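Report on the structure given below.
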Amino acid sequence: MAPRALACVLLVLASSSGAGATPSAAELRRYQGTACAGKYNALSRDVMGECHPFLIPTPASIKVEYVNETHYTSYHYEGVQDCSSSGRTRVGYWEVGPCLVNDDNTSQKRVWISAPAPAPTACAVPGDCGLAYQACCVGYAASGKPCPCHLKGNGSGTALASDCGTCGKAFVGCCSAFELKGNPCTCDVADPTGAFVI
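Numbered according to mature numbering (1 follows the signal peptide of the UniProt record, and there is no 0), the sequence shown spans residues -21 to -1, 1 to 177.
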(Lines of atoms letter the chains of each structure in order from A and count residues from 1; the text may use other names and numbers.)
(Lines give C-alpha, C1' and ligand atoms only; values in the text may rest on other atoms or scores of the structure.)
Protein backbone atom coordinates (compact mmCIF):
# COMPACT_ATOMS: atom_id res chain seq x y z
CA MET A 1 0.00 0.00 0.00
CA ALA A 2 2.79 2.45 0.85
CA PRO A 3 4.53 2.16 -2.57
CA ARG A 4 1.21 2.76 -4.34
CA ALA A 5 0.49 5.86 -2.20
CA LEU A 6 4.01 7.16 -2.84
CA ALA A 7 3.55 6.67 -6.59
CA CYS A 8 0.28 8.65 -6.46
CA VAL A 9 1.96 11.50 -4.56
CA LEU A 10 4.83 11.61 -7.07
CA LEU A 11 2.38 11.64 -9.98
CA VAL A 12 0.45 14.56 -8.46
CA LEU A 13 3.66 16.50 -7.77
CA ALA A 14 4.95 15.91 -11.31
CA SER A 15 1.71 17.03 -12.91
CA SER A 16 1.46 20.17 -10.78
CA SER A 17 5.05 21.29 -11.32
CA GLY A 18 4.23 22.75 -14.72
CA ALA A 19 6.97 20.78 -16.46
CA GLY A 20 6.38 20.68 -20.15
CA ALA A 21 3.75 23.42 -20.06
CA THR A 22 3.51 25.44 -23.26
CA PRO A 23 4.38 29.11 -22.74
CA SER A 24 1.60 31.61 -23.39
CA ALA A 25 3.78 34.07 -25.34
CA ALA A 26 7.28 35.04 -26.43
CA GLU A 27 8.62 38.55 -25.92
CA LEU A 28 11.43 40.25 -27.86
CA ARG A 29 13.46 42.37 -25.43
CA ARG A 30 16.18 44.96 -26.08
CA TYR A 31 18.80 45.67 -23.40
CA GLN A 32 21.39 48.44 -22.98
CA GLY A 33 24.82 46.80 -23.21
CA THR A 34 25.86 43.53 -24.80
CA ALA A 35 24.93 40.99 -22.10
CA CYS A 36 21.11 40.79 -22.38
CA ALA A 37 20.87 41.66 -18.69
CA GLY A 38 19.32 44.40 -16.60
CA LYS A 39 16.60 46.80 -17.67
CA TYR A 40 15.01 46.20 -21.05
CA ASN A 41 12.36 47.49 -23.44
CA ALA A 42 9.84 44.99 -24.76
CA LEU A 43 9.82 45.41 -28.55
CA SER A 44 7.07 42.91 -29.32
CA ARG A 45 5.03 40.06 -27.85
CA ASP A 46 3.81 37.06 -29.84
CA VAL A 47 0.94 35.18 -28.17
CA MET A 48 0.98 31.44 -28.87
CA GLY A 49 -2.08 30.18 -30.73
CA GLU A 50 -3.41 33.65 -31.49
CA CYS A 51 -4.73 34.50 -34.94
CA HIS A 52 -4.34 38.09 -36.19
CA PRO A 53 -6.73 39.11 -39.00
CA PHE A 54 -5.82 41.65 -41.69
CA LEU A 55 -8.03 43.30 -44.29
CA ILE A 56 -5.50 45.50 -46.12
CA PRO A 57 -3.95 45.05 -48.64
CA THR A 58 -6.04 41.86 -49.00
CA PRO A 59 -7.83 39.62 -46.48
CA ALA A 60 -5.30 37.46 -44.66
CA SER A 61 -4.34 36.29 -41.19
CA ILE A 62 -1.20 35.31 -39.28
CA LYS A 63 -1.06 32.68 -36.56
CA VAL A 64 1.75 32.13 -34.06
CA GLU A 65 2.43 28.52 -32.99
CA TYR A 66 4.68 26.93 -30.37
CA VAL A 67 7.18 24.45 -31.87
CA ASN A 68 9.39 23.26 -28.99
CA GLU A 69 11.29 24.54 -25.93
CA THR A 70 13.53 26.76 -28.08
CA HIS A 71 11.43 27.82 -31.10
CA TYR A 72 8.08 29.11 -32.31
CA THR A 73 6.81 29.92 -35.79
CA SER A 74 4.39 32.23 -37.61
CA TYR A 75 2.15 31.25 -40.52
CA HIS A 76 0.41 33.45 -43.11
CA TYR A 77 -3.06 32.45 -44.34
CA GLU A 78 -3.93 34.20 -47.59
CA GLY A 79 -7.56 35.07 -48.30
CA VAL A 80 -8.97 34.18 -44.85
CA GLN A 81 -9.04 36.25 -41.68
CA ASP A 82 -9.50 33.41 -39.19
CA CYS A 83 -6.46 31.18 -39.89
CA SER A 84 -8.76 28.45 -41.21
CA SER A 85 -7.17 27.72 -44.59
CA SER A 86 -5.18 24.53 -45.05
CA GLY A 87 -2.87 26.45 -47.39
CA ARG A 88 -0.51 28.39 -45.20
CA THR A 89 2.98 29.80 -45.63
CA ARG A 90 5.61 29.97 -42.91
CA VAL A 91 6.72 33.59 -42.50
CA GLY A 92 8.92 33.28 -39.43
CA TYR A 93 10.80 30.72 -37.36
CA TRP A 94 11.97 32.33 -34.14
CA GLU A 95 14.59 31.11 -31.67
CA VAL A 96 14.00 31.82 -27.99
CA GLY A 97 16.89 32.27 -25.57
CA PRO A 98 20.13 33.28 -27.32
CA CYS A 99 21.46 36.80 -26.83
CA LEU A 100 22.14 38.73 -30.05
CA VAL A 101 24.49 41.74 -29.91
CA ASN A 102 23.62 44.75 -32.10
CA ASP A 103 26.06 47.27 -33.64
CA ASP A 104 24.75 50.09 -31.40
CA ASN A 105 25.97 48.56 -28.08
CA THR A 106 22.58 47.01 -27.35
CA SER A 107 21.57 43.38 -27.20
CA GLN A 108 18.30 41.57 -27.61
CA LYS A 109 16.74 38.19 -27.11
CA ARG A 110 13.39 36.47 -27.15
CA VAL A 111 12.14 35.03 -23.86
CA TRP A 112 9.18 32.81 -23.05
CA ILE A 113 6.32 34.32 -21.06
CA SER A 114 4.19 31.97 -19.00
CA ALA A 115 0.96 33.48 -17.78
CA PRO A 116 -2.31 31.80 -16.93
CA ALA A 117 -5.08 32.21 -19.45
CA PRO A 118 -7.61 34.82 -18.39
CA ALA A 119 -10.97 33.47 -17.35
CA PRO A 120 -13.46 33.56 -20.20
CA THR A 121 -15.92 36.40 -19.81
CA ALA A 122 -19.21 37.16 -21.45
CA CYS A 123 -19.26 39.73 -24.22
CA ALA A 124 -20.88 42.69 -22.46
CA VAL A 125 -21.03 44.98 -25.51
CA PRO A 126 -21.30 42.83 -28.66
CA GLY A 127 -21.73 45.79 -31.03
CA ASP A 128 -23.00 45.48 -34.59
CA CYS A 129 -20.64 42.63 -35.52
CA GLY A 130 -21.41 40.66 -32.36
CA LEU A 131 -25.15 41.07 -32.84
CA ALA A 132 -24.80 39.96 -36.47
CA TYR A 133 -22.78 36.94 -35.29
CA GLN A 134 -25.49 36.00 -32.79
CA ALA A 135 -28.21 36.34 -35.46
CA CYS A 136 -26.17 34.25 -37.88
CA CYS A 137 -25.74 31.54 -35.23
CA VAL A 138 -29.49 31.53 -34.49
CA GLY A 139 -30.13 30.90 -38.18
CA TYR A 140 -27.59 28.10 -38.39
CA ALA A 141 -28.88 26.52 -35.15
CA ALA A 142 -32.42 26.51 -36.57
CA SER A 143 -31.12 24.46 -39.51
CA GLY A 144 -29.46 21.97 -37.14
CA LYS A 145 -25.92 23.33 -37.47
CA PRO A 146 -25.11 25.32 -34.30
CA CYS A 147 -22.06 27.57 -34.25
CA PRO A 148 -18.98 25.87 -32.79
CA CYS A 149 -17.80 29.11 -31.13
CA HIS A 150 -19.32 31.72 -28.81
CA LEU A 151 -18.71 35.41 -28.18
CA LYS A 152 -16.09 36.09 -25.50
CA GLY A 153 -15.45 39.42 -23.81
CA ASN A 154 -12.27 41.51 -23.62
CA GLY A 155 -11.28 40.89 -27.23
CA SER A 156 -10.48 42.69 -30.45
CA GLY A 157 -12.63 40.96 -33.08
CA THR A 158 -10.57 37.85 -33.71
CA ALA A 159 -11.34 34.14 -33.84
CA LEU A 160 -9.49 32.31 -31.09
CA ALA A 161 -10.09 29.00 -32.85
CA SER A 162 -9.60 28.09 -36.49
CA ASP A 163 -12.98 26.39 -36.83
CA CYS A 164 -15.59 29.01 -35.91
CA GLY A 165 -17.53 28.33 -39.12
CA THR A 166 -19.25 30.65 -41.56
CA CYS A 167 -20.58 32.97 -38.85
CA GLY A 168 -17.12 33.23 -37.28
CA LYS A 169 -15.55 34.17 -40.63
CA ALA A 170 -18.20 36.86 -41.15
CA PHE A 171 -17.65 38.19 -37.61
CA VAL A 172 -13.88 38.57 -38.16
CA GLY A 173 -14.45 40.30 -41.52
CA CYS A 174 -17.00 42.65 -39.97
CA CYS A 175 -14.65 43.52 -37.09
CA SER A 176 -11.78 44.19 -39.51
CA ALA A 177 -13.96 46.66 -41.43
CA PHE A 178 -15.16 48.39 -38.25
CA GLU A 179 -11.57 48.66 -37.01
CA LEU A 180 -10.64 50.51 -40.22
CA LYS A 181 -13.43 52.98 -39.44
CA GLY A 182 -11.99 53.52 -35.94
CA ASN A 183 -14.59 51.42 -34.11
CA PRO A 184 -12.85 48.17 -33.14
CA CYS A 185 -14.79 45.22 -31.77
CA THR A 186 -14.48 44.50 -28.05
CA CYS A 187 -15.24 40.77 -28.22
CA ASP A 188 -13.78 37.67 -29.87
CA VAL A 189 -15.28 34.36 -30.94
CA ALA A 190 -13.84 31.31 -29.20
CA ASP A 191 -14.36 27.62 -28.64
CA PRO A 192 -16.73 27.37 -25.64
CA THR A 193 -14.59 24.66 -24.02
CA GLY A 194 -11.91 27.26 -23.42
CA ALA A 195 -9.25 25.13 -25.10
CA PHE A 196 -8.42 27.98 -27.46
CA VAL A 197 -9.00 30.90 -25.10
CA ILE A 198 -5.78 32.81 -24.63
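We put the beta carbon where it would ideally sit given N, CA and C, even for glycine. Bear in mind the structure is a predicted one, so any value in this text is a computation, not a measurement.
Member of the options whose CA lies at the smallest distance from the CA of residue i
i	options	result
Gly134	Phe150, Thr145, Pro125 and Pro127	Phe150
Cys102	Ala39, Gly136, Thr85 and Val80	Gly136
Val168	Ser65, Ala14, Pro32 and Tyr19	Pro32
Leu34	Thr1, Glu158 and Ala120	Glu158
Strand pairing of residue i, partner residues [DSSP]
i	result
Ser40	Pro32 and Tyr56
Thr85	Gln11
Ser23	Leu7
Glu74	His50
Thr68	His55
Distance, residue j Cα to residue i Cα
i	j	result
Leu22	Glu29	18 Å
residue 184	Leu79	One cannot answer for residue 184 here, as it falls past the ends of the chain, which runs -21 to 177.
Ala14	Asn20	14 Å
Val104	Thr37	28 Å
Ala4	Val90	9 Å
Lys88	Asn47	17 Å
Glu57	Glu6	25 Å
Arg9	Arg67	30 Å
Ala94	Gln113	31 Å
Nearest-angstrom beta carbon gap, residue j and residue i [assumed within contact, 8 Å]
i	j	result
Gly109	Leu130	5 Å
Tyr45	Tyr54	12 Å between Cβ atoms; not a contact.
Gln60	Gly152	6 Å
Val75	Thr100	Actually they do not touch by this definition, with Cβ atoms about 30 Å apart.
Could you give the uninterrupted runs of the beta strand (DSSP E) lying entirely in the region 104 to 171, keeping only those of 3 residues or more?
Taking 3 residues as the shortest admissible run, the region 104 to 171 contains the following complete beta strand (DSSP E) segments, listed from N- to C-terminal end: 129 to 131 and 167 to 169.
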